[in-house]
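**Student:**
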Amino acid sequence: DAKTTQPNSMESNEEEPVHLPCNHSTISGTDYIHWYRQLPSQGPEYVIHGLTSNVNNRMASLAIAEDRKSSTLILHRATLRDAAVYYCILRGQGNLIFGKGTKLSVKP
Amino acid sequence: GAVVSQHPSWVICKSGTSVKIECRSLDFQATTMFWYRQFPKQSLMLMATSNEGSKATYEQGVEKDKFLINHASLTLSTLTVTSAHPEDSSFYICSARSPGAWREYRNEQFFGPGTRLTVL
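Protein sequence lines, in the order shown, are assigned to chains R and F. Going by my numbering, the first sequence opens with residue 835, and the numbers climb by one from there. Going by my numbering, the second sequence opens with residue 3, and the numbers climb by one from there.
This is the structure we're talking about:
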């Protein structure tokens, strides 16, 4: 599975939108883009996934670049409970392999 | 999402003893389950993949005789840390893969809440 690159950390203000970027320039045609988040001392939580088209669910939106070499996870209104490490992971036929992720801090 | 439970949520044991951690998928049958380990301030590391009814596949560097995995049913996998030592102290997280077509998900992995193991 191809590698992803994410910023180590980001800050956001409560009630504002957050855009978490992920670069995956070596993505293959069959790789799905997955996002998970992990709150302190908890297991990862599934957020969203997509292949080519933008995706929306109750938690977030996923915007995928036309060339699929990057994607952005969008939290429309950040809350204090959204403070977590967000992982962008590519998965083809293999298992989920976690990188270091982006630690999101949310300020009240 | 789906619910995956782990038991116990934390355990403290003496060096040399064995500890068993259970992982259950509560609302779907999982033919494949995974075990991860996470040290403080580090990311999750995949330890092994288990398929129901067959032997687990271990990642490179993970001792299969030390970390015994049993996936005897479609909803239960267990990880036994044998002869635990202080360096085995870690956060152990299991994951279960949903069936091919289940609700709006397709082969997604859902994670348990983790088990904090401390070996004295």
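Don't be surprised by glycine CBs; every beta carbon is placed ideally from N, CA and C.
Which value, in whole angstroms, describes the spacing of the CA atoms of Asn-72 of chain F and Lys-22 of chain F?
**Tutor:** Residue numbering aside, residue 72 of chain F sits at position 70 when the second sequence is read from its first letter. Residue numbering aside, residue 22 of chain F sits at position 20 when the second sequence is read from its first letter. If you take the alpha carbons of Asn-72 of chain F and Lys-22 of chain F, they lie about 10 Å apart.
**Student:** Counting along the chain, where does the beta strand (DSSP E) carrying Asn-857 of chain R start and finish?
**Tutor:** On the first sequence, position 23 is the one that residue 857 of chain R refers to. Its beta strand (DSSP E) spans residues 852-857.
**Student:** Which same chain residues end up closer than 7 Å to Ala-918 of chain R when comparing Cβ atoms and leaving out the 5 residues on each side of it in sequence?
**Tutor:** The residue labelled residue 918 of chain R in the question sits at position 84 within the first sequence. Once the five neighbours on either side are set aside, the close Cβ partners of Ala-918 of chain R are Arg-871, Gln-872, Leu-873, Leu-938.
**Student:** Report the neighbours of Gln-840 of chain R on chain F: residues whose CB is nearer than 8 Å to its CB, in chain order.
**Tutor:** Position 6 of the first sequence, counted from the first residue, corresponds to residue 840 of chain R. Result: empty, since nearest Cβ-Cβ is about 11 Å, beyond 8 Å.
**Student:** Tell me the rounded alpha-carbon separation between Val-64 of chain F and Ala-74 of chain F.
**Tutor:** The sequence position of residue 64 of chain F within the second sequence is 62, counting from 1. The sequence position of residue 74 of chain F within the second sequence is 72, counting from 1. Cα to Cα, the separation comes out at about 21 Å.
**Student:** Could you check what DSSP says for Glu-89 of chain F in three-state terms: helix, strand or coil?
**Tutor:** For the purposes of this step, residue 89 of chain F is identified with residue 87 of the second sequence, where counting begins at 1. DSSP places Glu-89 of chain F in helix when its eight states are reduced to three.
**Student:** Quick check on Gln-31 of chain F: buried or exposed, where buried means 16 or more other Cβ atoms within 10 Å of its Cβ?
**Tutor:** Along the second sequence, read from residue 1 onward, the residue named residue 31 of chain F stands at position 29. It counts as exposed.
**Student:** Do Leu-76 of chain F and Glu-54 of chain F have their beta-carbon atoms positioned less than 8 Å apart in this structure?
**Tutor:** Taking the first residue of the second sequence as position 1, residue 54 of chain F is located at position 52. Taking the first residue of the second sequence as position 1, residue 76 of chain F is located at position 74. Yes, the Cβ-Cβ distance between Glu-54 of chain F and Leu-76 of chain F is below 8 Å.
**Student:** Mind reading off the beta-carbon distance from Thr-906 of chain R to Leu-854 of chain R? Whole number of angstroms is fine, and I expect it under 8 Å.
**Tutor:** Residue numbering aside, residue 906 of chain R sits at position 72 when the first sequence is read from its first letter. Residue numbering aside, residue 854 of chain R sits at position 20 when the first sequence is read from its first letter. At roughly 7 Å, the Cβ-Cβ gap stays under 8 Å, so Thr-906 of chain R and Leu-854 of chain R are in contact.
**Student:** Tell me whether Gly-877 of chain R is buried or exposed, calling it buried when 16 or more other Cβ atoms sit within 10 Å of its Cβ.
**Tutor:** Counted from its first residue, the first sequence places residue 877 of chain R at position 43. Its Cβ being crowded by 16 or more others within 10 Å, Gly-877 of chain R is buried.
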